[in-house]
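Take the position in the sequence shown, starting the count at 1, then add 18; the result is the number in my numbering.
Have a look at the structure below before the remarks.
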Amino acid sequence: MTVSSAALLGVAGEANAEVKSGNYVSTTWSSGIILLQRNAQVRGGDLVLIGRYKIHPTRTGGYVDVMPGHRIILNRDGHGGYRGPAYFNGAVIGSITLTPRR
19 MTVSSAALLG
29 VAGEANAEVK
39 SGNYVSTTWS
49 SGIILLQRNA
59 QVRGGDLVLI
69 GRYKIHPTRT
79 GGYVDVMPGH
89 RIILNRDGHG
99 GYRGPAYFNG
109 AVIGSITLTP
119 RR
């Protein structure tokens, strides 16, 4: 019986990036209008905003399920922050930005 090298070594999975811990300003947008802007933190793999929400790492940052049916995507923006769409039951309802507080 021959065992492949992939079976012995495992197959490389998709690389994950983490949303970096720190202090941010969270801005929630809809139709180009700011709906909510407040201080936020990322601590221990969680987004601390109105509550504390687990960040699930992805290749480009992560996503957070705020409540059933409501998901926000956090993609690196290239400037130390994150931005992405906000969904409710699969439909885009707006977007979010996390801007580092300096």
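Glycine residues also receive a C-beta, built at the ideal position from the N, C-alpha and C atoms.
Annotation for H88: the continuous beta strand (DSSP E) segment containing it runs 88-94. Beyond the five residues adjoining it in sequence on each side, Y81 comes within less than 7 angstroms, by CB distance, of H74, R89, I90, I91, L92 in the same chain, given in chain order. Beta-carbon to beta-carbon, G112 and A104 are separated by about 5 angstroms, close enough to satisfy the 8 angstroms threshold.
With respect to S44, R61 sits apart: the two C-beta atoms are not nearer than 7 angstroms. The closest CA to that of E36, considering only W47, L53, G63, is found on G63.
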